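Heads up: the sequence shown begins at 31 in my numbering, then just goes up one per residue. Every residue gets a Cβ at the ideal spot worked out from N, C-alpha and C, and that includes glycine. This structure is a prediction, so every number in the text was calculated from the model and none was measured. Some notes on the structure that comes next.
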Amino acid sequence: MAELEQLGSFLAIPRPSTFVEPEDESMERGRKLKELVWDKIPKHLVKQALSPRYAAMVTRFDWGHSWVLLGETGAGKSTACVHLVRELLRRGKVNGGKDFDLAKSIFWARADAITRAGGSDHDEDGKLLHRAEWAKLMVLDDLSAPSKTLLGVIQQRYDRGLPIVATCGAMTRGQFTEIVGGDAVKRWISECGKARKGIVLLSEKAKELDDIERTEKEAQAQRVKQIGRRP
């Protein structure tokens with residue numbers, strides 16, 4: 031039991047009172063998930079508190095929708111992604127079956143790492159790009175202006191209906207659209223996944239600016255409409 035608790039601590043799994051299956055199967059799943067996923071993410075961030083602005087992603091993630099997290103540096107975007115991955119790994123370890131199959135296919139990558147891999151002939155970089163295209167979930171951290179390689183990965187995932195969780199330093203939806211290169215790319219990112227409907231979460235500061243941007247656009251549209259009515 032002590033060995034199970036020590037192994038499970040990385041997923042914050044509480045000590046169970048009963049076991050549905052032999053504990054060695056759960057332990058083996060934990061080892062695999064740790065090796066395949068947990069050891070490859072910035073897990074030190076899990077010690078930081080989950081921002082309420084991004085908490086909905088952790089509680090509502092369903093493998094069908096993509097999520098885009100916007101906000102300033104330090105707002106907790108990457109931290110929220112680590113909390114999400116930990117929760118999905120916990121489900122995979124405890125439940126097994128489909129939850130385990132999905133969890134072991136999570137892939138975390140910084141956007142610039144994918145860009146660098148596109149200019150390399152090394153086998154490891156080729157494997158990285160393959161996982162980026164085929165993982166059941168890709169966490170795309172620190173997205174800025176996407177390279178040709180990254181655009182190719184995003185389009186492949188869009189075509190296959192595989193979700194993305196992306197973090198970006200943009201402070202408004204409009205700024206995010208500009209950063210990624212226009213409405214088409216924004217749609218590829220936010221509509222990856224079978225649901226074809228992305229969800230955007232903003233930090234408190236970003237939401238304030240986004241509200242201002244939306245109000246200004248609505249006012250501009252109203253002015254144009256009024257001009258069009260003049261005889």
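With 16 as the cutoff for other CB atoms within 10 Å, does Gly-122 come out buried or exposed? Indexing the sequence shown from 1 puts residue 122 at position 92. Answer is buried; the Cβ neighbour count reaches 16.
From this set, Tyr-84, Asp-151, Val-76 and Ser-135, which residue's C-alpha is nearest Lys-62's C-alpha? Start at 1 with the first residue of the sequence shown, and residue 62 comes out as number 32. Considering only alpha carbons, the answer is Ser-135.
May I ask you to report which of helix, strand or coil DSSP gives Asp-241? Here residue 241 is taken as the residue at index 211 of the sequence shown, counted from 1. If DSSP states are grouped into helix, strand and coil, Asp-241 belongs with the helices.
Hey, Gly-106 and Tyr-84 are a contact pair by Cβ (cut 8 Å); roughly how many whole angstroms apart? Working through the sequence shown from its first residue, we reach residue 106 at position 76. Working through the sequence shown from its first residue, we reach residue 84 at position 54. Right, the Cβ-Cβ distance comes to about 6 Å (below 8 Å), so this counts as a contact.
Expressed to the nearest angstrom, what Euclidean distance is found between the alpha-carbon atoms of Val-115 and Cys-198? Here residue 115 corresponds to residue number 85 of the sequence shown, with the count starting at 1. Here residue 198 corresponds to residue number 168 of the sequence shown, with the count starting at 1. Whole-angstrom Cα-Cα distance: 18 Å.
For Ser-174, which option in Ile-144, Ala-79, Lys-224 and Asp-69 has the closest C-alpha, if you only look at C-alpha atoms? For this step, residue 174 is matched to residue 144 along the sequence shown. Of the candidates Ile-144, Ala-79, Lys-224 and Asp-69, the one whose C-alpha sits nearest the C-alpha of Ser-174 is Ile-144.
So, at 6 Å on beta carbons, what are the nonlocal neighbours of Ala-251 in its own chain, with the 5 sequence-adjacent residues on each side left out? The sequence position of residue 251 within the sequence shown is 221, counting from 1. Excluding residues within five positions, none has a Cβ falling inside 6 Å.
Using 8 Å for Cβ pairs, my map puts Ala-141 next to Asp-189. What's the rounded Cβ distance? Mapped onto the sequence shown, residue 141 falls at position 111. Mapped onto the sequence shown, residue 189 falls at position 159. That pair is no contact at about 19 Å.
Residue interval of the beta strand (DSSP E) (run including Leu-100): Numbered from its first residue, the sequence shown carries residue 100 at position 70. Start and end: 97-100.
With a threshold of 6 Å on Cβ separation, who are the neighbours of Leu-159 within its own chain once the five nearest residues in sequence on each side are excluded? The residue labelled residue 159 in the question sits at position 129 within the sequence shown. Ala-147.
Between Leu-75 and the rest of its own chain, which residues show a CB-CB distance below 7 Å, the 5 nearest in sequence each way excluded? Residue numbering aside, residue 75 sits at position 45 when the sequence shown is read from its first letter. Counting only Cβ-Cβ distances below 7 Å, and skipping sequence neighbours, we find Ser-108, Thr-109 and Val-112.
Secondary structure at Trp-93, three-state DSSP: helix, strand or coil? Looking up residue 93 in the sequence shown gives position 63. It is coil, neither helix nor strand.
Whole angstroms is fine: what's the gap from Gln-186's alpha carbon to Val-124's? Taking the sequence shown and counting its residues from 1, the one referred to as residue 186 is at position 156. Taking the sequence shown and counting its residues from 1, the one referred to as residue 124 is at position 94. So the two alpha carbons sit approximately 31 Å from each other.
Measuring alpha carbon to alpha carbon, tell me which of Gly-104, Leu-99 and Gly-94 ends up nearest Ala-79. Translated into positions along the sequence shown, residue 79 becomes position 49. Considering only alpha carbons, the answer is Gly-104.
Best match in Gln-256, Arg-203 and Trp-97 for proximity to Asp-241 [C-alpha to C-alpha]: As a first step, residue 241 is located in the sequence shown; it is residue number 211 there, counting from the start. Taking only the C-alpha atoms, the option nearest Asp-241 is Arg-203.
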